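Asks: Quick note: the sequence shown uses the working numbering, first residue 93, plus one each step.
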Amino acid sequence: MSTVGLFDLLSHAFMQRALITGLATALVCGVISCYVIHMGWSLMGDAISHAVLPGVVISYLLGLPYVVGALVSALLAVVLIGAVRKNRIIRSDTSMGIVFTTLFSLGTVLISKVPSQVNLSHILFGNLLGVTVDDMWQVIVLGALVLAVVLVRRRDLALLAFDSTHAQAIGLAPQTLSTILLVALAVTVVVSLQAVGIILSVAMLVTPGATARMLSDSIWRMLWLSPLVAAVAVLVGVWLSYVLNASSGGMIGVALGIEFALAYVFGPHGALRRG
93 MSTVGLFDLL
103 SHAFMQRALI
113 TGLATALVCG
123 VISCYVIHMG
133 WSLMGDAISH
143 AVLPGVVISY
153 LLGLPYVVGA
163 LVSALLAVVL
173 IGAVRKNRII
183 RSDTSMGIVF
193 TTLFSLGTVL
203 ISKVPSQVNL
213 SHILFGNLLG
223 VTVDDMWQVI
233 VLGALVLAVV
243 LVRRRDLALL
253 AFDSTHAQAI
263 GLAPQTLSTI
273 LLVALAVTVV
283 VSLQAVGIIL
293 SVAMLVTPGA
303 TARMLSDSIW
313 RMLWLSPLVA
323 AVAVLVGVWL
333 SYVLNASSGG
343 MIGVALGIEF
353 ALAYVFGPHG
363 ALRRG
């Protein structure tokens with residue numbers, strides 16, 4: 093775990109790909125995370141991340157890039173959740189729970205019954221140290237598309253997150269903006285799969301924004317603090333996963349949790365300031 097050892101890692105091509113992919117993931121997840129926590133969509137991110145499993149498995153079976161099936165499943169989950177939520181008898185969180193457990197269960201059935209080379213642990217927990225060049229570019233391209241959409245509509249999305257009533261009063265369409273943000277969230281979930289997998293992707297979608305919120309009240313400041321928090325977690329997590337021969341996704345999740353704990357205790361809104 094020496095400094096020399098850390099720099100030595102960069103001489104390996106697989107580590108270079110892992111860091112580039114991880115940092116690209118950190119950037120897009122960090123930005124989307126700010127909107128997720130303000131919209132109260134943490135469970136939505138969790139639901140979409142679990143719902144992509146059948147699409148990933150089917151993609152492997154058909155010999156397609158995993159992102160194809162993952163995107164289809166993620167968008168299908170968004171549509172299904174929206175359809176169930178229209179029934180006023182069913183609460184929003186209930187609709188998400190029904191959709192994601194059904195799709196996730198379907199994915200596990202496919203894995204258990206259909207012969208394939210799918211590595212379940214890589215799907216569930218990510219395989220950042222095993223990314224290929226194609227995987228890396230898929231993450232970069234999808235992440236760039238999400239960031240471009242958010243950049244163009246950043247002010248409208250910020251207003252939606254803080255005060256949807258005011259957004260509607262000034263002529264914006266909250267439903268349209270919500271749809272844009274939901275699609276961006278779905279694509280972001282797919283981006284995060286290679287780094288942290290299905291189970292831990294919610295950590296990348298929630299913790300960076302929550303940590304940034306403990307450090308600042310400004311959405312604009314949060315939009316650069318959150319990706320920074322995610323990037324630090326990726327760097328530390330990838331390094332420790334290699335040194336300790338541990339799960340890269342798991343180490344990134346632990347690093348994110350430690351960052352939040354530090355912000356929660358020592359930040360401007362932390363426990364020490366309140367106490």
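Glycine included, every Cβ here is placed at the ideal spot set by N, Cα and C.
Model, not experiment: these values are computed from the prediction.
1) Considering only their Cβ atoms, is the gap separating LEU195 from PRO146 smaller than 8 Å?
2) Please say whether VAL328 and SER340 have beta carbons closer to each other than 8 Å?
3) Starting from PRO360 and walking both ways along the alpha helix (DSSP H), at which residues does that stretch end?
4) Any idea what DSSP makes of LEU102, helix, strand or coil?
5) Cα separation between ALA110 and ILE262?
6) Taking the straight line between their C-alpha atoms, what separation do you get for GLY199 and PRO360?
7) Let me confirm a value: ALA287 is counted as buried when at least 16 other C-beta atoms fall within 10 Å, else exposed. Which label applies?
8) What did DSSP end up calling LEU264 once you bin it into helix, strand or coil?
9) How should VAL171 be labelled, buried or exposed, when 16 other C-beta atoms within 10 angstroms of its C-beta is the threshold for buried?
10) Return the chain-ordered list of same chain residues with a C-beta closer than 8 Å to the C-beta of LEU212, the five sequence neighbours on each side being excluded.
11) What do you get for ASN337, buried or exposed, if any count of 16 or more other CB atoms within 10 angstroms of its CB means buried?
12) Taking contact to mean at least 3 C-beta pairs separated by less than 8 Å, is the stretch 269–282 in contact with the stretch 227–240?
13) Anyone know if the C-beta pair for SER125 and SER293 falls short of 8 Å?
14) Report the rounded CA-to-CA distance for HIS214 versus THR113, giving the unit in angstroms.
15) May I ask you to report which of helix, strand or coil DSSP gives LYS178?
16) Return the chain-ordered ranges of every alpha helix (DSSP H) run that is complete within the stretch 98–148 and spans a minimum of 4 residues.
17) Residue range of the alpha helix (DSSP H) that SER318 falls in?
18) Go ahead and label ILE181 buried or exposed: buried means 16 or more other beta carbons lie within 10 angstroms of its beta carbon, across all protein chains shown.
19) If you follow the alpha helix (DSSP H) that LEU222 is part of, which residue opens it and which one closes it?
20) Sort ASP100, ILE350, PHE106, LEU354 by Cα distance to LEU221 and report the nearest one.
21) Hey, could you find the ends of the alpha helix (DSSP H) SER197 is sitting in?
22) By the 10 Å Cβ neighbour count, where 16 or more other Cβ atoms means buried, how is SER197 classified, buried or exposed?
23) For THR257, does the count of other Cβ atoms within 10 angstroms reach 16, so buried, or fall short, so exposed?
24) DSSP state of GLY246, grouped into three classes?
25) Buried or exposed: where does SER333 fall if 16 or more other Cβ atoms within 10 Å of its Cβ makes it buried?
26) Please look up how many angstroms separate the CB atoms of LEU115 and VAL326, rounded, as I've assumed it's under 8 Å.
27) So VAL191 packs on ALA259, CB below 8 Å; how close in whole Å?
28) Do SER134 and VAL298 have their C-beta atoms within less than 8 Å of each other?
29) Quick check: the Cα distance between MET93 and ASP100, rounded to an integer number of angstroms?
Replies: Taking the structure as given:
1) Yes; because the gap between Cβ atoms is below 8 Å, this pair is in contact.
2) In this structure, SER340 keeps its C-beta atom at 8 Å or more from the C-beta atom of VAL328.
3) Counting along the chain, PRO360 sits inside no alpha helix (DSSP H), nor does DSSP assign it H or E at all.
4) Three-state result, LEU102: coil.
5) Cα to Cα, the separation comes out at about 44 Å.
6) Looking at the backbone, the Cα of GLY199 and that of PRO360 are separated by about 43 Å.
7) So ALA287 counts as buried.
8) Coil at LEU264, not helix or strand.
9) Burial call: exposed.
10) Residues of the same chain with a CB within less than 8 Å of the CB of LEU212, apart from the 5 flanking positions on each side, are ILE203 in chain order.
11) Looking at its Cβ environment, which holds fewer than 16 other Cβ atoms inside 10 Å, ASN337 is exposed.
12) Yes: at least three Cβ pairs fall under 8 Å.
13) In this structure, the beta-carbon distance from SER125 to SER293 does not fall below 8 Å.
14) Annotation: HIS214 to THR113 spans about 15 Å, alpha carbon to alpha carbon.
15) Coil.
16) Runs found: 105–131, 134–143.
17) Note, SER318: alpha helix (DSSP H), 311–336.
18) Classified as exposed, ILE181 has fewer than 16 neighbouring CB atoms from the shown chains inside 10 Å of its CB.
19) According to the sequence provided, residue 222 is Gly. The question's Leu does not apply to it. No alpha helix (DSSP H) holds GLY222; DSSP gives it neither H nor E.
20) Here the closest residue by C-alpha is PHE106.
21) That run of the alpha helix (DSSP H) goes 184–205.
22) Taking a 10 Å sphere around the C-beta of SER197, we find fewer than 16 other C-beta atoms and assign the residue as exposed.
23) Burial call: exposed.
24) Checking the sequence, you will find Arg at residue 246 rather than Gly. Of the three classes helix, strand and coil, the one that applies to ARG246 here is helix, per DSSP.
25) The residue in question, SER333, is buried, as its Cβ has 16 or more Cβ neighbours within 10 Å.
26) With 8 Å as the limit, LEU115 and VAL326 qualify as a contact, their Cβ atoms being about 6 Å apart.
27) That belief does not hold up - the Cβ atoms of VAL191 and ALA259 are roughly 27 Å apart, past 8 Å.
28) Yes.
29) Unreliable placement is indicated for MET93, whose pLDDT of 45 sits below 50; the coordinate value is still reported in the next sentence. Each residue's alpha carbon lies about 11 Å from the other.
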